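Novice:
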Amino acid sequence: MDDSLILEVADFEHDVLTGIYSEETGKPQPLRFTIKVRMKPLPHYDADTSLEDSKNYMDLKFAASGALPEGVHFKLIEAVADHVCETLFLQDKRVEAVTVKIVKLAIAEAGEKIGITLHRERRE
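Quick look at the structure:
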């Protein structure tokens, strides 16, 4: 098995126009994102390995917030997750795979986690 490096941002919350909730209220829906990005690691990391030799974690947050088009209503949260994946693939050719988990906070009634997980591999 090859080595891999997984970068992760967990439990990042952002409001997105999506689903029946947004359709009925006209308001964005609060979503909780967990994003994992798989990259090929360097053979070794030492104390002075450059920051450019990895990916900035803020890029993962940006893909689930600032990179989402303003005012666009995503009918399915799967489309939101797909947009996040595509953004990360376009940002960095070193990204091999992306997993996006989205929990819909507005429709939980008893603390349950309702949502989806989408995994995409880079297509060559």
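Letter by letter, the sequence shown follows residues 1 to 124 of the working numbering. Ideal placement from N, C-alpha and C gives every residue a C-beta, glycine not left out. Model, not experiment: these values are computed from the prediction.
Is it the case that the stretch 39-47 contacts the stretch 106-122, given that we only count it when at least three CB pairs across the two stretches are under 8 Å?
Specialist: no
Novice: Look up Phe-114 in the DSSP assignment and say whether it is helix, strand or coil.
Specialist: Per the sequence shown, the amino acid found at residue 114 is Ile instead of Phe. Coil at Ile-114, not helix or strand.
Novice: In this structure, how does DSSP classify Leu-68 when only helix, strand and coil are distinguished?
Specialist: coil
Novice: Quick one: grab the DSSP three-state call for Glu-61.
Specialist: The sequence given here places Lys at residue 61; Glu does not occur at that position. In the structure shown, Lys-61 sits in a helix (DSSP, three-state: H, G or I).
Novice: In chain order, what residues of the same chain have a beta carbon less than 7 Å from the beta carbon of Tyr-57, not counting five sequence neighbours either side?
Specialist: Leu-7 and Val-9
Novice: What's the gap between the Cα of Ser-65 and the Cα of Asp-2?
Specialist: 32 Å
Novice: Residues in the same chain with beta-carbon distance under 6 Å from Gln-91, minus the five sequence neighbours each way, listed in chain order, please.
Specialist: Around Gln-91: Asp-59.
Novice: Name the two residues that bound the continuous beta strand (DSSP E) containing Asp-11.
Specialist: 5-16
Novice: Is Phe-89 closer than 8 Å to Leu-17 when the C-beta atoms are compared?
Specialist: no
Novice: Keeping to the same chain, check which residues put their C-beta closer than 8 Å to that of Lys-40; ignore five residues upstream and five downstream.
Specialist: Asp-2, Asp-3, Ser-4, Leu-5, Arg-94 and Glu-96
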